[in-house]
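Chemist: Following this message is one structure expressed as structure tokens.
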Amino acid sequence: MIPQIEPWLDEEVLRQLTEVVESTWLIEGEKTRLFEQKFADLAQCQHAIAVSNATVGLYVCLKVLGVGEGDQVIVPDFTFIATANSVIWAGAKPVIADIDEKTFNIDPAGIEDKINERTRAIIPVHIYGQSADMESIKVIAKRHDLFVIEDAAQGIGVKFLGRHVGGWGDAGCFSFYGNKTITTGQGGMITTNDEAISRDCLILKNHGRTEKGTFVHQHIGYNFCFTDLQAAVGLAQLSKLDDILSKKRRNRQLYKELLADLETVHFPTVDPRCEDVPWFTNILVNDPHALGEHLKVADIGTRRFFYPLHRQPCYRGWWQDEFPVTDRIYQHGLSLPSSATLTEDQIILICQEIRKFFRMREKP
Ligand SMILES: Cc1ncc(COP(=O)(O)O)c(C=O)c1O
């Protein structure tokens with residue numbers, strides 16, 4: 001079976017984990033501090049705060065920025081559901097906006113229509129490893145005095161106008177879930193260039209205090225702490241990030257070359273201002289469900305695109321508008337196997353199966 005995505009784990013993970021186990025310090029400690037520091041360097045941000053996952057990272061950022069009851073936050077219709085759920089759990093209402101046909105990211109042209117006196121923030125998502133148009137989003141946010149929290153869960157290694165994502169807004173959130181560009185199993189990282197935001201995130205995630213081992217609490221906090229076990233895996237993953245990124249880029253390049261002559265297969269466009277990382281290699285086809293089923297029979301894993309928020313059963317009745325671009329992209333999108341561990345031979349085999357599918361369809 002070729003999985004749609006799997007992490008790339010090696011001896012270095014075991015070495016790092018052994019160090020932590022032998023130290024007996026499993027909870028958040030020195031290794032987490034080192035991982036945070038290295039991640040802040042990568043993201044070109046002054047502060048990085050490790051949290052249990054990106055969903056709570058978004059929640060923490062919203063709470064720290066004072067977004068809650070009665071407020072509205074603009075999010076793209078096309079994203080993993082955690083973007084909107086974090087807003088709801090913070091007490092605010094997500095207001096969804098349609099996406100750009102080419103990049104699948106929130107379309108800045110549609111944002112201002114959604115802004116009213118209750119709007120407090122925008123959460124752009126860097127979907128599938130391509131940056132949202134941060135230049136335009138920042139202009140809109142400034143004009144309307146809104147916070148920007150980047151959902152960079154899928155944005156590790158991604159740059160916009162030469163600058164890593166996660167440092168464009170007031171804060172950013174990255175995910176280290178098992179399928180992400182680097183993983184710690186579960187895990188997330190908040191990034192910011194604002195010292196006060198950084199301190200308040202640390203306080204909220206750490207039971208209302210900045211240090212462990214003290215039991216007089218000035219604030220009512222939560223426990224969204226990391227562990228040094230996760231940091232060990234994260235450090236090992238970071239040490240091979242360049243390899244992971246180049247393998248992911250090689251994957252897409254090879255798929256593109258091998259499928260170039262198929263008029264029925266389209267690859268998304270990359271904004272020239274963005275240095276993207278194809279976290280997933282995606283294609284647009286007429287019938288992604290049928291192609292996915294065909295590949296499944298050949299033991300090749302694929303994934304349909306994220307289901308539009310406005311169609312989610314749990315949000316029935318929340319929004320009345322139409323979101324034609326998200327609908328269209330969902331109806332045609334398929335994510336191909338995209339792991340850094342894929343071999344060239346596997347990609348050749350996958351492309352042969354894709355060709356076979358279209359040949360069978362063409363038969364009279
Ligand atoms: C766009 C987006 N936002 C948020 C999340 C939530 O991340 P986590 O699983 O670390 O909570 C994900 C995870 O898949 C995601 O893809």
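Counting from 1, position 246 in the sequence shown corresponds to residue 246 in the numbering used here; the numbering is continuous, with no gaps. Virtual Cβ for every residue (Gly too), placed ideally from N, Cα, C.
Can you list, in chain order, the residues of its chain with a C-beta nearer than 7 Å to that of Phe267? Leave out the 5 residues immediately preceding and following it.
Modeler: Lys256, Ile283
Chemist: Rounded to whole angstroms, what's the CA-CA distance from Met189 to Arg359? Just pull it up for me.
Modeler: 45 Å
Chemist: Buried or exposed: which applies to Ser52, given that a residue is buried once 16 or more other Cβ atoms fall within 10 Å of its Cβ?
Modeler: buried
Chemist: Could you check whether Gln154 and Ile122 sit closer than 8 Å to each other, using their CB atoms as the reference points?
Modeler: no
Chemist: Distance, Cα to Cα, Gln218 vs Arg209?
Modeler: If you take the alpha carbons of Gln218 and Arg209, they lie about 7 Å apart.
Chemist: What's the C-alpha gap between Phe226 and Leu259?
Modeler: 42 Å
Chemist: Under 8 Å, do Val148 and Gly169 count as touching if we go by C-beta distance?
Modeler: In contact: Val148 and Gly169 (Cβ atoms closer than 8 Å).
Chemist: Whole-angstrom Cβ separation of Val75 and Ala84, contact assumed at under 8 Å?
Modeler: 5 Å
Chemist: Measuring straight from C-alpha to C-alpha, what distance separates Glu6 and Ile244?
Modeler: 12 Å
Chemist: For Pro76, does the three-state DSSP call read helix, strand or coil?
Modeler: The three-state reading of DSSP puts Pro76 in strand, counting E and B together.
Chemist: Buried or exposed, going by whether 16 or more other CB atoms sit within 10 Å of the CB of Pro272?
Modeler: exposed
Chemist: Is it right to say Cys314 is buried, meaning 16 or more other beta carbons lie within 10 angstroms of its own, or is it exposed?
Modeler: exposed
Chemist: So Ile111 and Ala97 are in contact, right, with Cβ under 8 Å, and what is the actual spacing, rounded?
Modeler: 6 Å
Chemist: For the segment 339-346 and the segment 311-331, state whether three or more C-beta atom pairs, one from each stretch, are separated by less than 8 Å.
Modeler: no
Chemist: How is the beta strand (DSSP E) around Met189 delimited, first residue to last?
Modeler: 188-192
Chemist: What's the gap between the Cα of Gly301 and the Cα of Asp345?
Modeler: C-alpha of Gly301 to C-alpha of Asp345: approximately 16 Å in a straight line.
Chemist: Ligand 1 heavy atoms versus the CB of Tyr177: any closer than 7 Å?
Modeler: yes
Chemist: Classify His289 as buried or exposed, calling it buried when 16 or more other Cβ atoms lie within 10 Å of its own Cβ.
Modeler: Result: exposed.
Chemist: Hey, is Gln230 close to ligand 1, as in C-beta under 7 Å from one of its heavy atoms?
Modeler: no
Chemist: Secondary structure at Leu295, three-state DSSP: helix, strand or coil?
Modeler: helix
Chemist: Mind checking which residues open and close the alpha helix (DSSP H) that includes Arg328?
Modeler: 324-332
Chemist: Does at least one heavy atom of ligand 1 sit under 7 Å from the Cβ of Asn53?
Modeler: Between ligand 1 and Asn53, a heavy atom-to-CB distance of less than 7 Å is present.
Chemist: Comparing the CB of Gln154 with every heavy atom of ligand 1, is any distance shorter than 7 Å?
Modeler: yes
Chemist: Figure out for me which residue from Ile137, Arg143, Leu202 has the closest Cα to the Cα of Pro108.
Modeler: Relative to the Cα of Pro108, the nearest Cα in the group Ile137, Arg143, Leu202 belongs to Ile137.
Chemist: Residues in its own chain within less than 6 Å of Ala48 by CB, not counting five upstream and five downstream?
Modeler: Once the five neighbours on either side are set aside, the close Cβ partners of Ala48 are Glu36, Phe39, Ala40, Met189, Thr191.
Chemist: Can you list, in chain order, the stretches of the alpha helix (DSSP H) that have 4 or more residues and sit fully within the segment 52-107?
Modeler: 54-64, 82-89
Chemist: If I measure Cβ to Cβ from Phe1 and keep anything under 6 Å in the same chain, skipping five residues before and after, which residues do I get?
Modeler: In the sequence on display, residue 1 carries Met and not Phe. Result list for Met1: Asp299, in chain order.
Chemist: What separation, rounded to the nearest whole angstrom, lies between the Cα atoms of Leu368 and Ala50?
Modeler: Only positions 1 to 364 of the chain appear in the structure, and residue 368 is not among them; the question remains open.
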